[in-house]
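Okay, so here's the structure we're looking at.
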Amino acid sequence: MRRLPPALTATLLLAGCGSADWESGNASPNGNVVAETPLPPLPTPTPTPSPSPVTASVAEETEDYEFSYSFPSAAAAIPGLAAWFEADRARARAQVAKESAAFRAEREADDTPFRKYTTSVAWSVVADTPRLLSLSALTNDYTGGAHGSPGFGALVWDKTAGRRLKPTALFQSEAALQEALGADFCTALDAERAKRRGEPVDRASGDMFDECPRVNEATLILGSRSKRAIDRVGLLVGPYVAGSYAEGSYDLTFPITPALLAAVKPAYRDAFAAP
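Residue numbers (the working numbering): 452 to 726.
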């Protein structure tokens, strides 16, 4: 058997080893074997924080006050509108906290009994059309007297413009709204007052609760039966506006008439429709 020269044998062994190790990543391109360096671990990705969920309903009670505030999911789903509700809720809470604390201090100074203040605000959807989201609120405030003070609120969200508006802002003016709705309002109100009082209403009696208030003394809300356009309006009348506290509130509904449609601002007229 022929033997290879020792130098040639070493050369072939080194060449073979270098080729295999380079392909496996254990050698440098010049054939020198190098130790395998482990790759550093990939950094753990930082998750993108999700938006804080909107808390649409809050109720709390302290030694000084009771507070509740809620708004519907349809409003919570609109960031700009939800932000307004959260700010309004914070304002209302801060107000009742400040005023109730002052009332407690006053009562303690006079050595008279203290009664907790109460503030409640509950918003709900009146109508949801392609252009407008209409909402109304039932409110009640108790400040230590004989009874609470119920009230109303209303707003409209213009989906196209992304703006919060008062319902009256969709009409050309208070005068135009009074002209279009005033007579029907007084007729409907008198009919309801007569039912509750058991006798006709005499507006000339001199009694302030027999007079007919103006439209702007009520809370205007926008409604829709069709869910396609605003086809009705409501007027919410609180205690002491058209009757005594015991008489309660009035909730009156009116269809969109040609006269009322003409009182709407041109920019919003296509969001309304006569039934």
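Even for Gly, the Cβ is constructed at its ideal location relative to N, Cα and C.
Contact under 8 angstroms by Cβ, N591 with G604: Sequence index remark: in the sequence shown, residue 591 carries index 140 (1-based). Sequence index remark: in the sequence shown, residue 604 carries index 153 (1-based). It is not a contact, given that the beta carbons lie outside the stated cut-off.
Same chain, Cβ closer than 7 angstroms to D661, neighbours up to 5 away in sequence not counted: Position 210 of the sequence shown, counting from 1, holds the residue named residue 661. Excluding residues within five positions, the ones whose Cβ falls inside 7 angstroms are V652, D653 and R654.
CB contact below 8 angstroms: L616 versus chain D: Absent here is chain D; the protein component of the structure consists of one chain.
T619 vs L686 beta-carbon contact at 8 angstroms: Numbered from 1 along the sequence shown, position 168 holds the residue referred to as residue 619. Numbered from 1 along the sequence shown, position 235 holds the residue referred to as residue 686. No.
Cβ neighbour criterion (16 or more within 10 Å) applied to T638: Residue 638 sits at position 187 when you count from the first residue of the sequence shown. Exposed, since its Cβ has fewer than 16 Cβ neighbours within 10 Å.
Of the residues I681, V684 and A669, the one placed nearest A693, counting alpha carbons only: Stepping through the sequence shown from its first residue, residue 693 is reached at position 242. The shortest Cα separation from A693 among I681, V684 and A669 belongs to A669.
Exposed unless 16 or more other CB atoms sit within 10 angstroms - verdict on R679: Reading the sequence shown from its first residue, position 228 is the one you call residue 679. R679 should be labelled exposed.
Through-space distance from R540 to A713, alpha-carbon basis: One-based indexing of the sequence shown puts residue 713 at position 262. One-based indexing of the sequence shown puts residue 540 at position 89. Approximately 36 angstroms, taken between the alpha carbons.
Simplified DSSP state of D592, which is helix, strand or coil: As a working mapping, residue 592 is identified with position 141 in the sequence shown. Reduced to three states, the DSSP call for D592 is strand.
Endpoints, the alpha helix (DSSP H) within which L532 is located: Position 81 of the sequence shown, counted from the start, is the residue given in the question as residue 532. Note, L532: alpha helix (DSSP H), P530 to D561.
Same chain, Cβ closer than 6 angstroms to S501, five either side skipped, listed in chain order: For the purposes of this step, residue 501 is taken as residue 50 along the sequence shown, with counting starting at 1. Caution is warranted here: a pLDDT of 42 is assigned to S501, below 50, making its placement in the model unreliable, and no coordinate value can be reported.
Boundaries (first-last residue) of the alpha helix (DSSP H) holding F518: For the purposes of this step, residue 518 is taken as residue 67 along the sequence shown, with counting starting at 1. Segment Y516 to S521 is the beta strand (DSSP E) holding F518; no alpha helix (DSSP H) there.
Of the listed residues G633, C663 and A631, nearest to A645 (C-alpha basis): For the purposes of this step, residue 645 is taken as the residue at position 194 of the sequence shown. Among G633, C663 and A631, the Cα nearest to that of A645 belongs to C663.
Length of the line joining the Cα atoms of P418 and W574: Not covered by the structure: residue 418. The range shown for the chain is 452 to 726.
The segment 625-642 touching the segment 580-587, judged by at least three CB pairs closer than 8 angstroms: no
Distance CB(I707)-CB(A725) smaller than 8 angstroms: The sequence position of residue 707 within the sequence shown is 256, counting from 1. The sequence position of residue 725 within the sequence shown is 274, counting from 1. A distance below 8 angstroms separates the beta carbons of I707 and A725.
DSSP-derived helix/strand/coil call for Y701: As a first step, residue 701 must be located in the sequence shown, where it is residue number 250. Of the three classes helix, strand and coil, the one that applies to Y701 here is strand, per DSSP.
Counted within 10 angstroms of its Cβ, other Cβ atoms place A538 as buried (16 or more) or exposed: The residue given as residue 538 occupies position 87 in the sequence shown. So A538 ends up on the exposed side.
Separation of S695 from S519, as counted between CA atoms: Here residue 519 corresponds to residue number 68 of the sequence shown, with the count starting at 1. Here residue 695 corresponds to residue number 244 of the sequence shown, with the count starting at 1. Between S519 and S695, the C-alpha separation is close to 27 angstroms.
Top-ranked residue by Cα proximity to G531, from F723, R665, D658 and W608: On the sequence shown, residue 531 is found 80 positions in, with the first residue counted as 1. It is W608.
Closest residue to E643 among V666, L589, D682 and G699 (Cα-Cα distance): The residue you call residue 643 lines up with position 192 of the sequence shown. Answer by Cα proximity: G699.
Residue of R566, E557, P581 and G657 minimising C-alpha distance to K610: Here residue 610 refers to the residue found at position 159 when the sequence shown is read from its first residue. That would be P581, whose Cα lies nearest to the Cα of K610.
Within 8 angstroms, strictly: CB atoms of D635 and F705: Numbered from 1 along the sequence shown, position 184 holds the residue referred to as residue 635. Numbered from 1 along the sequence shown, position 254 holds the residue referred to as residue 705. Yes, they are a contact pair.
Candidates D702, Y568, L632 and N667, of which the one nearest K617 by Cα: To locate residue 617, count along the sequence shown from 1; it is residue 166. When only C-alpha atoms are compared, the closest one is N667.
For F660, the three-state DSSP class (helix, strand or coil): By one-based count along the sequence shown, residue 660 stands at place 209. In this structure, F660 counts as helix in the three-state DSSP scheme.
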